[in-house]
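Single-structure report; data block below.
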Amino acid sequence: MANEDALLREVDRLCTDEAMRALIARAAFGGTAPPAFDLRIHPADQMLLHSLRHHNDANAAFSQYYNVALQQYRAAYSVIRAIFGERAQALHILDFACGFGRLLRFLRHAIPQRLHAAEIQEEALAFVGERFGVETIPSAFDPEAFQPGERFDVIWVASLFSHLPPRLFHAWLARLLRLSGEEEGIVCFTVHDICLLPDPAHMPENGILFFPSSENPDLDASLYGTTYVTEAFVREAVARAGGGKFDYYRIPRALAHEQDLYVASRRGAHDLSRLGGFRYGPWGWVDEKRLSAAKGLYLRGWAASLDDGQVDFVDIRVGKQEFRCPTGLPRDDVAKVFADPRLATCGWEFRCPALRDGDGPVRVEVTASSARGEIALLYAGDLP
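Here the sequence shown stands for residues 3 to 386, numbered as in this note's numbering.
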């Protein structure tokens, strides 16, 4: 990888760029940025570092980090609104295993009251408390040692159960279900479904497979690895952890179009079928980027919606120029990954003579929008 410190400085420059702040705020909130909206990412954020090491490109890492953040925020907020309606603003919410606040930076502006964060990494917990102004609660490796002293209307747990060995999966689910509100509380947690397992035949009969490795080298791999489960396993786990008193609703690939989302609540407390209207929003990526004085700018990628099928076009901004590039090119690979034949022609290709302001880099932004105005960030950055 190129010098990590240099890449982190470049990401930080993008995070403090007012145009980037406006772009992300428009995608998240549909308008201008709230006064305290802050894009800065902690340099130890494992989700950012994972993207940097994969792409070796600050622009791509920034774009991936915020594309996933926007989708997670949209998923969490839509679930909360579907279940609680207008009462969402008064809920007591816990973002459990919050990391460095990829969700909190958005949620604090949508539901600013009674928002708590729990995390086992002390540096991450200090960061979200100071940066986002939320109440913080230290977590623990032992579920019974987690004693927040109160219950919560919503406990959101993104990408934790997708990393737990069987014993901790059951123990943490039981602990969090007990910490949900006595009558109407819900626990939302995500998992890797068996469909993501390279060889499903390796899944044990009990429906859970744990590998002692993950993208977070700072945590004990025997306690935090990579986990795959079947729905039958989760069904039994919810029944066991909740003493047979909880129902659940499963939304496949609801987190970053990868992890399944389960919403558990006490039987009869909520009509979980309301979640049948869950929307994934648009998704996509810029696979290829080339810029030269002789040939101009070339971009190639894909854009689609798991709700509506392929989107009709992507919006591209090059410097101060705005373009609308149609989709329609073959992308059988995308259709195969998502098992959705509607996405077979979601590819797009864009060429234009790049107009430079002097000899500096060229700012490029690529977004995809659904018919309902949901926005995905496919790429944003400065090409040299």
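We treat Cβ as the ideally placed atom computed from N, Cα and C, and that holds for glycine.
C-alpha distance - residue i paired with residue j, whole-angstrom precision
i: Leu170; j: Gly330; result: 46 Å
i: Asn58; j: Trp287; result: 16 Å
i: Ala8; j: Ala38; result: 27 Å
i: Leu379; j: Gln66; result: 8 Å
i: Ile26; j: Arg255; result: 23 Å
i: Met205; j: Ala29; result: 39 Å
i: Gln312; j: Leu178; result: 38 Å
i: Arg344; j: Pro145; result: 43 Å
i: Ile318; j: Ser372; result: 15 Å
i: Glu186; j: Gln323; result: 50 Å
i: Thr228; j: Arg269; result: 30 Å
i: Ile113; j: Ala203; result: 43 Å
i: Phe143; j: Leu105; result: 22 Å
i: Gly383; j: Val316; result: 16 Å
i: Leu98; j: Pro200; result: What sits at residue 98 in the sequence shown is Phe, not Leu. Near 29 Å, if we compare the C-alpha coordinates of Pro200 and Phe98.
i: Asp19; j: Ala234; result: 47 Å
i: Glu207; j: Ala239; result: 14 Å
i: Ala90; j: Glu184; result: 17 Å
i: Thr369; j: Tyr381; result: 7 Å
i: Gly279; j: Ile85; result: 11 Å
Three-state secondary structure (DSSP) of residue i
i: Glu290; result: strand
i: Phe191; result: strand
i: Arg110; result: helix
i: Cys354; result: strand
i: Val316; result: strand
i: Glu186; result: coil
i: Pro343; result: helix
i: Cys197; result: helix
i: Leu299; result: strand
i: Glu376; result: coil
i: Glu6; result: helix
i: Ser371; result: strand
i: Ile82; result: helix
i: Ala46; result: coil
i: Glu217; result: coil
i: Gly209; result: coil
i: Asp384; result: strand
i: Ala176; result: helix
Residue burial classification, residue i (beta-carbon count within 10 angstroms, cutoff 16)
i: Gly33; result: exposed
i: Ala341; result: exposed
i: Gly103; result: buried
i: Ser294; result: exposed
i: Ser307; result: buried
i: Asn61; result: buried
i: Asp222; result: exposed
i: Gly101; result: buried
i: Asn69; result: buried
i: Glu376; result: buried
Contact under 7 Å by Cβ, residue i with residue j
i: Val236; j: Tyr264; result: yes
i: Ile188; j: Leu96; result: no
i: Leu117; j: Val136; result: yes
i: Ala259; j: Ser216; result: The sequence as given places His at residue 259; Ala does not occur at that position. No. Outside cutoff.
i: Leu299; j: Cys354; result: yes
i: Val193; j: Asp249; result: no
i: Ile253; j: Val231; result: no
i: Arg292; j: Glu351; result: no
i: Ser53; j: Ala63; result: yes
Which runs of the beta strand (DSSP E), 3 residues or longer, sit entirely within the stretch 88-157?
95-98, 117-121, 137-140
Of all the beta strand (DSSP E) runs that stay within the bounds of the stretch 237-261, which reach a length of 3 or more residues?
248-257
Please go through the stretch 10-35 and give each complete alpha helix (DSSP H) segment of 4 or more residues, from N-terminal end onward.
20-31
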